[in-house]
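Input: a single structure, listed below in structure tokens.
2 protein chains.
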Amino acid sequence: MQSDRQETLSRRDLLSLVGAVAGGAAMYQAMTSLGFASESGYKGPVKLDGDAKGASVLVLGAGLAGMTAALELRKAGYKVQVLEFNRRPGGRNWTIRGGDSFTELGGQTQNCEFEQGLYLNPGPWRIPYHHRAVLDYCKRLNVALEPFVQLNHNALLHGTGAFGGQPQRIRDIKTDFQGHVSELLAKATQQGKLDEVVSVEDKEILLQAMKSWGALDKNYAYKASLISADFRGYAKDPGGGLGAAPVAGEPIAMSDILRSRMWRYLQNFALHEFQTTMFQPVGGMDMIGKAFARQVGDLIRYDAKVTRIQQDGGGVSVSFIDAKAPGTPQVAKADWCVCTIPLSILSQIQIDVGAPMKAAIDAVPYASAVKVGLQFKRRFWEEDEAIYGGITYTDLPIRQIAYPNSGFNRSGRGVLLGAYIFEGANAFEFTSMPPADRVKRAVAFGSRIHPQYGSEFENGVAVAWHRVPFTLGCAGNWTEKAREEHYDDLCQIDGRIVLAGEHASYIPAWQEGAILSSLDAITRLHDRVVRT
Amino acid sequence: MQSDRQETLSRRDLLSLVGAVAGGAAMYQAMTSLGFASESGYKGPVKLDGDAKGASVLVLGAGLAGMTAALELRKAGYKVQVLEFNRRPGGRNWTIRGGDSFTELGGQTQNCEFEQGLYLNPGPWRIPYHHRAVLDYCKRLNVALEPFVQLNHNALLHGTGAFGGQPQRIRDIKTDFQGHVSELLAKATQQGKLDEVVSVEDKEILLQAMKSWGALDKNYAYKASLISADFRGYAKDPGGGLGAAPVAGEPIAMSDILRSRMWRYLQNFALHEFQTTMFQPVGGMDMIGKAFARQVGDLIRYDAKVTRIQQDGGGVSVSFIDAKAPGTPQVAKADWCVCTIPLSILSQIQIDVGAPMKAAIDAVPYASAVKVGLQFKRRFWEEDEAIYGGITYTDLPIRQIAYPNSGFNRSGRGVLLGAYIFEGANAFEFTSMPPADRVKRAVAFGSRIHPQYGSEFENGVAVAWHRVPFTLGCAGNWTEKAREEHYDDLCQIDGRIVLAGEHASYIPAWQEGAILSSLDAITRLHDRVVRT
Chain G
16 MQSDRQETLS RRDLLSLVGA VAGGAAMYQA MTSLGFASES GYKGPVKLDG
66 DAKGASVLVL GAGLAGMTAA LELRKAGYKV QVLEFNRRPG GRNWTIRGGD
116 SFTELGGQTQ NCEFEQGLYL NPGPWRIPYH HRAVLDYCKR LNVALEPFVQ
166 LNHNALLHGT GAFGGQPQRI RDIKTDFQGH VSELLAKATQ QGKLDEVVSV
216 EDKEILLQAM KSWGALDKNY AYKASLISAD FRGYAKDPGG GLGAAPVAGE
266 PIAMSDILRS RMWRYLQNFA LHEFQTTMFQ PVGGMDMIGK AFARQVGDLI
316 RYDAKVTRIQ QDGGGVSVSF IDAKAPGTPQ VAKADWCVCT IPLSILSQIQ
366 IDVGAPMKAA IDAVPYASAV KVGLQFKRRF WEEDEAIYGG ITYTDLPIRQ
416 IAYPNSGFNR SGRGVLLGAY IFEGANAFEF TSMPPADRVK RAVAFGSRIH
466 PQYGSEFENG VAVAWHRVPF TLGCAGNWTE KAREEHYDDL CQIDGRIVLA
516 GEHASYIPAW QEGAILSSLD AITRLHDRVV RT
Chain R
16 MQSDRQETLS RRDLLSLVGA VAGGAAMYQA MTSLGFASES GYKGPVKLDG
66 DAKGASVLVL GAGLAGMTAA LELRKAGYKV QVLEFNRRPG GRNWTIRGGD
116 SFTELGGQTQ NCEFEQGLYL NPGPWRIPYH HRAVLDYCKR LNVALEPFVQ
166 LNHNALLHGT GAFGGQPQRI RDIKTDFQGH VSELLAKATQ QGKLDEVVSV
216 EDKEILLQAM KSWGALDKNY AYKASLISAD FRGYAKDPGG GLGAAPVAGE
266 PIAMSDILRS RMWRYLQNFA LHEFQTTMFQ PVGGMDMIGK AFARQVGDLI
316 RYDAKVTRIQ QDGGGVSVSF IDAKAPGTPQ VAKADWCVCT IPLSILSQIQ
366 IDVGAPMKAA IDAVPYASAV KVGLQFKRRF WEEDEAIYGG ITYTDLPIRQ
416 IAYPNSGFNR SGRGVLLGAY IFEGANAFEF TSMPPADRVK RAVAFGSRIH
466 PQYGSEFENG VAVAWHRVPF TLGCAGNWTE KAREEHYDDL CQIDGRIVLA
516 GEHASYIPAW QEGAILSSLD AITRLHDRVV RT
């Protein structure tokens, strides 16, 4: 939040003082208590001032980290060349549409048959409002955004062992849970059981608050009434004309909610990384990669599979072969190298770096993830069930069903995300199946939640990230211990080589991590060049 | 939710039985507990089967209720004519754009200077997913929809007497309140204070649930930590490269939240009528009215101010004058009349109906509401404060600041809703001011929340609904008592006249109420015609 100038200045002085005396953490806490917004690592377009001295940089990988580096380094005066394994820009910033084909590790090829305009984002699919770097590049590169619906109150929670397998509306579980919690706390407050921790003055306000927040009646009870129905929805909605009075439904009992464990899913709507307002690029996530490529596409050599990364005092030499027609290695040379190759791949490539960075490269396992896109003849989730966008969660192996966030309320075909399995045994199980079986299984499981699957399904595609040749996994899966031991070694400049990508960030698996990591890496590299 | 056929059938049998034995309310509750979706009053396109016998209908008002009646009755074989006071269709379904001018009661004219593409919806501005009738007409009439953001976690709550007048992020108040509630309940549970109401088995699950839902640490405490920061946001966001570790901020103390009364606003994000997924038509709410008019525009006589409504055994005669050039009244005749004129106006028109309907017409006061649209040179709320759509709430007279839900992340000008005052003394105070003063005051108050107002404001428009000539108020404001005494009398067919509009519904002030009321009215009218 911006404040008036004078107030801001005096606050800044105060903060500097706090920072100098008590250190960074205390300063950030002081900032928060003074009402400042949280601080993003992104401070606006990177400024690489100073002479690049005609130096050259070889960027490995044309994902968002690589293309960010290419764009900003060229602008700063460097000679830039990019080597990319795929025949397209973007890396994991990727959208599959009808007509696309994709061959995974093991040789299975899928040809996507989606209708024109429908798509699956197999990798990143949403952008939080606090991912300031991604949003700023979208703005600078003219990528149109639309809201991504994370929480749809009318989507479903499903547990195979809960409520007889009958899916529940998120709004019912969410509202009823909060209502029962409020009733319990209000009753305890009334009975004086919180007197030790709640002051007399606050006690009365707490009761009012529980009534307001928990949809309690005048006796602080959460039960069937038009009060609770105003929050959870009605058994019969209010209407127009005669016979139009609403009818309240019966809330779900607290014990049933507790034992269903469905409260676990409510986190997904409260976590900062999933809070409104989230975005998706209009038309598919790869609109971002394509927008970057409009700027730096001329620097990219596609189909280039890196086989060896060498450096000495004079520069960097990178050997590569044609990924589609392997032959004699070629060599690209530059003064410096920004390497954004995922660690899962890089750990298999011979690279001249010191032992600490090499150990770091080898230390990070990659997360497993599977996404399945399914095309249906009609958007039955909207037409039959009033589910517009958002995500249904289930304990079935498919874990999630996510409904499209564009083309709302239209007739015709639709593609939904029929499975999003992140980590765990199910992800590995799905990865081990042929793609057609993944699709078949997603349809079979999903039809237990949406019986319409049976008659409406048309075709699908399934991406298992451990079988994606250019990453062999979804994202760097740091443990706390590995991060402590290796993270700084991974990010240090090693001679003439610096690494970047989501794996070199504290925001793993998010595009913001890739871009911020790249900006940090090239800023340090540029400092070194300028100072040399 | 749809279930497989056999299961559905047997459930239907059961429900019929419950309905027959125990009545409607019990049936609806049984439906809910059996996992059915809530029942909307809208069952899909209205079916007016049977012979209209060449009968004619005069529809008064070309708002959504009137145009729904016109569209469906013509389709059913009636001769339809519509009289409309304004020179445009839609009524309160209205969008103001640059170039529009509007004269309010009292004679003040405003000429809107918004940049092309920017607009204010002075009336309805959002559509809940459960407003099935509005959504179905949008679908049938090809009105494109986009999400309306009701809850933006990064928008603000502001209290003049709270936190020194410093606005708070919604996410902080929302997360911290829930966290503290969870801590209080967890502690009471641990100390055995809920043993009377929570079983031993549930107690352990409740503790787990409070930890998960309330972002508590392993000691069930809600305090500064990366656990709470994962929900409320960080003092320093996680970043990329070196020095990128996140820093947690200090939660706001429970007592401070309680005394700030900011918990009152959290209702606005939980009520069923404001739950995700909400919509707005792309380009302005009047896209709906315009879409209706593409179907029935040929039936509408604009600038027709109704002065008298007469009926006898033979038909209905409605006198009207040219609203822009009053002169000798003309008379329109038909067999039947669907009158959608707001009660605030209708109560001032001589109408031949029985005493019960006349008493009902006179019994409903109209709600007061003021909306102010403000154009700024740039979308500073996005650029400076990362607020994309959604609503800031304040106890200042402007009550709300709502940010536009389209054109996200774009450069250039933007229009926000600088005040939305619904009922209360402030609404009347703003209504009493000249429009230019309303705008000036909205800017002055808003600048206490967004200091950028001062340098970025360009122009504005202000609509005070009690001064809008075609409604003299925002919407029917039923009390429970008035509804009990008069509602059914208002909705009954009186001879050859039936009323429709949001005022004849249980969803006042919403477009859904207008359409459902109209569908109910014409269904009953048609039944009468067919049976006659």
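Protein chains in written order, with this note's numbering: chain G, 16 to 547; chain R, 16 to 547.
Cβ coordinates follow ideal geometry from the N, Cα and C atoms, glycine included.
Fair warning: this is a prediction, and the values are worked out from it, not measured in the lab.
- Boundaries of the beta strand (DSSP E) around R/G388: A384 to F391.
- Close partners of G/D115 in chain R (Cβ separation under 8 Å) are lacking, with about 27 Å as the shortest Cβ gap.
- Within the region 258 to 286 of chain R, the residues whose Cβ lies closer than 7 Å to some Cβ of chain G are A259, A260, P261, V262, G264, E265, S270, L273, R274, W278, R279, L281, Q282, A285 and L286, listed in chain order.
- In chain R, no part has a C-beta under 8 Å from the C-beta of G/H541; the shortest such distance is about 13 Å.
- In the DSSP assignment, G/E161 is bridged to G/Q295.
- If you keep only unbroken alpha helix (DSSP H) runs of at least 4 residues inside the region 215 to 245 of chain G, you get 215 to 229.
- Distances from the alpha-carbon of G/P60 to those of G/V544, G/R546, G/D542 and G/T538 put G/T538 closest.
- Taking the beta carbon of R/K208 as reference, the chain G residues within 7 Å of it are A203 and K208, listed in sequence order.
- Per DSSP, the unbroken alpha helix (DSSP H) holding G/T446 starts and ends at A440 to S447.
- For R/W109, none of the residues of chain G pass the 7 Å Cβ criterion, the least Cβ distance being about 20 Å.
- Cβ contact annotation for G/H146 (same chain, cutoff 6 Å, sequence separation greater than five): E527, in chain order.
- Contact with chain R is found for G/S197, since one of that chain's Cβ atoms lies less than 9 Å from the residue's Cβ.
- Counting along the chain, no beta strand (DSSP E) covers G/T343, and no H or E run does either.
- Nearest in C-alpha terms to G/T175, of all of G/L411, G/G429 and G/D337, is G/L411.
- Taking CB atoms only, R/W228 has a neighbour in chain G less than 9 Å away.
- Excluding its 5 nearest sequence neighbours in each direction, R/G121 has C-beta neighbours in its own chain below 8 Å: R482, listed in chain order.
- No Cβ of chain R is located within less than 9 Å of the beta carbon of G/I413.
- The Cβ of R/E438 sits no closer than 9 Å to any Cβ of chain G.
- When 9 Å is used as the limit between beta carbons, R/P296 is near no residue of chain G, the shortest such separation being about 10 Å.
- By the neighbour-count definition (other C-beta atoms within 10 Å, threshold 16), R/V215 is an exposed residue.
- In chain order, L156, N157 and V158 place their CB closer than 7 Å to the CB of G/A306, counting only its own chain and leaving out the 5 sequence neighbours on each side.
- Straight-line measurement puts the Cα of G/Q325 at about 45 Å from the Cα of R/F423.
- Contact check between the region 345 to 362 of chain R and the region 460 to 471 of chain R: fewer than three CB pairs, one atom from each, fall below 8 Å, which does not count as touching.
- Contact between R/R184 and R/L171 is confirmed by a C-beta separation of about 6 Å, below the 8 Å threshold.
- Under DSSP, G/L133 takes part in no beta bridge, so it has no partner.
- Cβ-Cβ distances below 7 Å link G/Y93 to A67, A70, S71 and V72 in the same chain, with the five nearest sequence neighbours on each side left out; the list follows chain order.
- For the C-beta of R/A382, not a single chain G residue is nearer than 9 Å; the gap to the nearest is close to 17 Å.
- A distance below 8 Å between beta-carbons, with the five flanking residues on each side excluded, links R/S116 to the following residues of its chain, in chain order: T124, Q125, N126 and C127.
- Following the DSSP letters along the chain, one finds G/V311 inside the alpha helix (DSSP H) bounded by residues D301 to V311.
- At a C-beta separation below 8 Å, R/L160 has these neighbours in chain G: F423 and N424.
- Taking all protein chains in view, the Cβ of R/E438 is surrounded by fewer than 16 other Cβ atoms within 10 Å, so the residue is classified as exposed.
- Looking at the DSSP output, R/N126 shares a beta bridge with R/S116.
- In the DSSP secondary-structure assignment, G/R107 is not bridged to any residue.
- Distance from the Cα of G/G369 is smallest, within the candidate group G/C506, G/G258, G/G329 and G/H173, for G/C506.
- Looking at R/G76, R/G56 and R/S55, the one whose alpha-carbon comes closest to that of R/C352 is R/G76.
- By the Cβ neighbour-count rule, G/T409 is buried, with 16 or more other Cβ atoms within 10 Å of its own.
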